[in-house]
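Have a look at the structure below before the remarks.
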Amino acid sequence: MTGLRRIAALLALAFALLFGASDAYASTGETAVQPLKVHGGPAVWRVKDRDTTIYLFGTIHFLPQDVQWLDPDLREALQSSTELVTELDPAKDGNIDQLMAQKGYLPAGENLRDKLAPKDRLAFESLLVSLGIPVEQFDRYKPWTAGLYLSVVMTKLAGFDPDQGVEQVIEDTARDGTRRAALETMQFQLELFNGLPEDRQIAYLNQIVASAPTLKQDLSAMLGAWLAGNAKGLAALINAEESDPVLYRHILTDRNANWAKWIKTRLGEPGTVFIAVGAGHLAGKGSVQDQLRKLGISSKRVH
C-alpha cells in the first residue's frame, strides 16, 4: 500500500469525527473487531519550563468497542492539568450541516461523476454500490466532500465507533473546572479541503476509494501501534510525505507548525496543560515535536 493510501486511512480517522450524517449508510455489514488490550499504552510527551508543563497526547477519534487505553499515569496527567486543549471545541463551533451546505456542494449544473476519469468513475460507482449507496447520492458533492463522507462510512463499517472515541473519554476524565481551548475551528478544518485545487480534491477522493479494500487492516495496524505507544511504527504507517508532499504539508506539517507556535506562546503563562490532537500530528516527519525543536523547544517522552 502506498503512503498516500496510508494518509487516506489516517484522514478517515482524523476527519470522520466531523460527520455524523452518514449513519444511514454505516449501520449494515460486518462491524465486529476483536477487542484490543493495551501493551505499553499510548504515547505522551511533555514540554516544560520553570512554571509551565504541557502534555502532548495523540488521539484516535474513532475506536472499536471494548478498547481500554486510559491507564493510571494518563489519568494522573490529565487530572493534574488545569487546561485541556483539543483540535476543536464542539461547544463553540458552528453547525456542521450548515457549514457543509455553504462549502461542500458543487455549483448548480455540475456533477461529481462527470469530473472523474472513466476508470476512476467506475471504481467510485462500484464502491458506492458495494456500500449500498445510490450512485447519484454524491453527484452534487465536491470531490473532497465525497471523500470525507466515504471515509466516515467505511470507518464505521470497519468497526470503529465515534461513540468510543478518545476525545469523549478525555472530556469526561478531566477534573471539574478545567479550562477549555481549541487550536482550530471546524470551519478552518473544512477549508483545508475546500481550499484545495479541484484536481487535488479528485486525487484525494480517488485515494479514499483505492483505500477501501485494505482500510480495516490499515486502521487496525494504526490502532495497534497507537495502543502500544509505538510512535516510530505509527510514523512508518502514516508517513506519506514522499508520496504526496503537497497534501502532507497542507494537512499535517503546516498545521503542526502553527500548533508549535501556539505552544511556545502558551509557555509564557504558568499552568499545566493537556493537549490532545490526532496521533498523526505527533508522529513522523514534520510532527509537532519536530516543529517545536525548530523553535528551540525540547519535548520529552514521558509515557
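The numbering used here puts the first residue of the sequence shown at 1387, with every later residue one more than the last. Every residue gets a Cβ at the ideal spot worked out from N, C-alpha and C, and that includes glycine.
Close beta carbons around residue i, own chain, < 6 Å, minus the five adjacent residues each side
i, result
"ILE1556", "ALA1662"
"LYS1423", "Bear in mind that the predicted position of LYS1423 carries a pLDDT of just 43, short of 50, making it too unreliable to give a figure here."
"PHE1443", "VAL1430 and ALA1662"
"PHE1521", "Residue 1521 is actually Val in this sequence, not Phe. Around VAL1521: GLU1511 and LEU1514."
"THR1439", "THR1658"
"GLU1577", "none"
Beta-carbon contacts of residue i that lie in its chain and below 7 Å, excluding the five residues immediately before and after
i, result
"ARG1341", "Any property of residue 1341 remains undetermined from this structure, which presents the chain solely from 1387 to 1689."
"LEU1464", "ILE1556, THR1559, ALA1560 and PHE1660"
"ALA1611", "GLY1619, LEU1620 and LEU1623"
Status (buried if at least 16 other CB within 10 Å, exposed otherwise) for residue i
i, result
"SER1467", "buried"
"GLU1553", "buried"
"ASP1604", "buried"
"PRO1583", "exposed"
"ASP1503", "Position check: residue 1503 holds Ala in this sequence, whereas Asp was assumed. Exposed, because fewer than 16 other Cβ atoms sit within 10 Å of the Cβ of ALA1503."
"ARG1470", "The sequence given here places Leu at residue 1470; Arg does not occur at that position. By the 10 Å Cβ count, LEU1470 comes out buried."
"GLN1675", "buried"
"SER1673", "buried"
"PRO1631", "exposed"
Collapsed DSSP secondary structure at residue i in the structure displayed
i, result
"ALA1662", "strand"
"LEU1449", "strand"
"TRP1455", "coil"
"ASP1435", "coil"
"LEU1474", "coil"
"ASP1558", "helix"
"PHE1510", "helix"
"ILE1624", "helix"
"ILE1519", "coil"
"SER1413", "Residue placement at SER1413 cannot be trusted, given a pLDDT of 41 that sits under 50; what the coordinates show is reported in the next sentence. In the structure shown, SER1413 sits in coil (DSSP, three-state: anything other than H, G, I, E or B)."
"PHE1546", "coil"
"GLY1444", "strand"
"ALA1614", "coil"
Interface flag, residue i vs chain D, CB-CB below 8 Å
i, result
"LEU1638", "In the structure shown, chain D does not exist; there is a single protein chain."
Residue closest to residue i, alpha-carbon to alpha-carbon, out of the options
i, options, result
"ASP1585", "ILE1482, GLY1610 and LYS1528", "LYS1528"
"ASP1435", "LEU1492, PHE1579, PRO1656 and GLY1551", "PRO1656"
"GLY1533", "SER1673, ILE1649, ALA1429 and SER1597", "SER1597"
"ALA1643", "LEU1681, GLU1522 and VAL1539", "LEU1681"
"ASN1518", "SER1606, ILE1440 and VAL1539", "The sequence shown places Gly at residue 1518, rather than the Asn named in the question. Closest by alpha carbon: VAL1539."
"ARG1566", "ARG1641, LYS1478, PRO1428 and VAL1453", "LYS1478"
Proximity test, residue i beta-carbon vs the ligand ZN heavy atom, cut-off 7 Å
i, result
"GLY1426", "By its list of ligands, the structure shown contains no ligand whatsoever, and the ligand ZN lies outside what it can speak to."
Same chain, Cβ closer than 8 Å to residue i, five either side skipped, listed in chain order
i, result
"TYR1491", "ARG1526, TYR1527, LYS1528 and THR1531"
"GLN1587", "LYS1528, PRO1529, TRP1530, GLY1533 and PHE1579"
"ILE1683", "VAL1433, ALA1646, ILE1649, LYS1650 and LEU1653"
At a cut of 8 Å, does the region 1491-1508 reach the region 1556-1567 through at least three beta carbon pairs? no
The region 1588-1607 / the region 1505-1513 touching (three or more Cβ pairs under 8 Å): yes
The region 1472-1492 touching the region 1565-1578, judged by at least three CB pairs closer than 8 Å: yes
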